[in-house]
Amino acid sequence: MISRKLASLTTPVLAIVAVSCGGSDETKESTSSTPTQAHERPFTDEEARAAAQALLAAIEDDMPPSWTKLPADEDGGPTPTVPELQGECAGISLEKGQEPGQVVSLDSSKYGSPDKKVEVQFTADVFEDDDSAGEALAKARRLAGDCADQFTQLFLEAVRNEVENATPGPGETPIDLRVTDLKYQELPFKNLGDESGLFRLTTSFTVAGREFATYLDLVGVRVGNVVGSFSYQTTFDPPEISGEEEFAARVHEHTRQGAESLK
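Here the sequence shown stands for residues 2 to 264, numbered as in my numbering.
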């Protein structure tokens, strides 16, 4: 869920690389469950998918009218390949893939704020049970806690590798861009549902000697075996927590409804 997003969303700085050198309108999903698991839980794969689709549809219908649906990225741009963590942090996957106990995961379209400074995308995850859903959030907390040093070092190396290997296309001018630092942390956030969390990935870099920073906030709200989450990306200025809390309140309500529909 959230740990998957860190690698699959691509950090904002990599998007800037693509722009400087020169989600999808349709829902993206991943599904997986064993016949035994599907037989034992009180809902089918189809019901889980329908609940996730309804959750995202309700959130998108609830978007402020001034926010604009962004065109789909046919090429998502470079995605850093991050080595698996070692030692006590082994087993926390950083690559895009299936979370243990995950039945379905769907992404919404991406939306841009009126001032074009914020980009947001929502995700609905349905798990086999409450424990599996809780473990997904626990992974994000471990990445920001006792595994933070190892994670940030590996992810920083991966991002730097993508930047250094980025080549301009025909007619495009290369730029002097250097990634200088990366920080991943959990920040205080409003309590919603059974549990909630805000995780921030800050990437610092220089362009032609000038210093900048980009921010990728990942907010998750769990209600039972359903997790509603969203990414909130900004460049230059940190996200405003108040704005994220407004989105989180909407996500909480629709996540609660999704969890109720599966009982």
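Glycine residues also receive a C-beta, built at the ideal position from the N, C-alpha and C atoms.
These numbers were taken from a predicted model, which means no experiment stands behind them.
Give the DSSP bridge partners of residue i, in chain order.
i	result
R179	T207
F200	E187, L219
T69	G113
G88	In the DSSP output, where bridge partners are listed per residue, G88 has none listed.
V227	V127, V224
Q234	E120, L217
Classify residue i: buried if its beta carbon has 16 or more other beta carbons within 10 angstroms, exposed otherwise.
i	result
G146	exposed
D150	exposed
E100	buried
T256	buried
G259	buried
In the DSSP assignment, find the alpha helix (DSSP H) that holds residue i and state where it starts and stops.
i	result
G244	242 to 262
R50	46 to 62
Could you give the residue range of the beta strand (DSSP E) that holds residue i?
i	result
D108	103 to 113
E120	119 to 128
Relative to the C-alpha of residue i, which residue among the options is closest?
i	options	result
G92	S106, R50, C148, A49	C148
D126	T235, A49, L178	A49
P66	L155, P115, R143, L107	P115
P240	D46, F190, D108	F190
N192	T181, V220, D130, R211	V220
Taking just the CA atoms, how far does residue j sit from residue i?
i	j	result
A249	Q122	12 Å
F237	Y216	8 Å
I176	A159	19 Å
H253	A55	14 Å
L202	D195	24 Å
I17	S243	For I17, the pLDDT reaches just 39, beneath the cut-off of 50, and the residue's location in the model is therefore unreliable, although a value from the coordinates is still provided. Approximately 26 Å, taken between the alpha carbons.
S31	P43	Reliability of the predicted coordinates at S31 is poor, the pLDDT of 48 falling under 50, and the value obtained from them is presented with this limitation in mind. Rounded to the nearest angstrom, the two C-alpha atoms are 20 Å apart.
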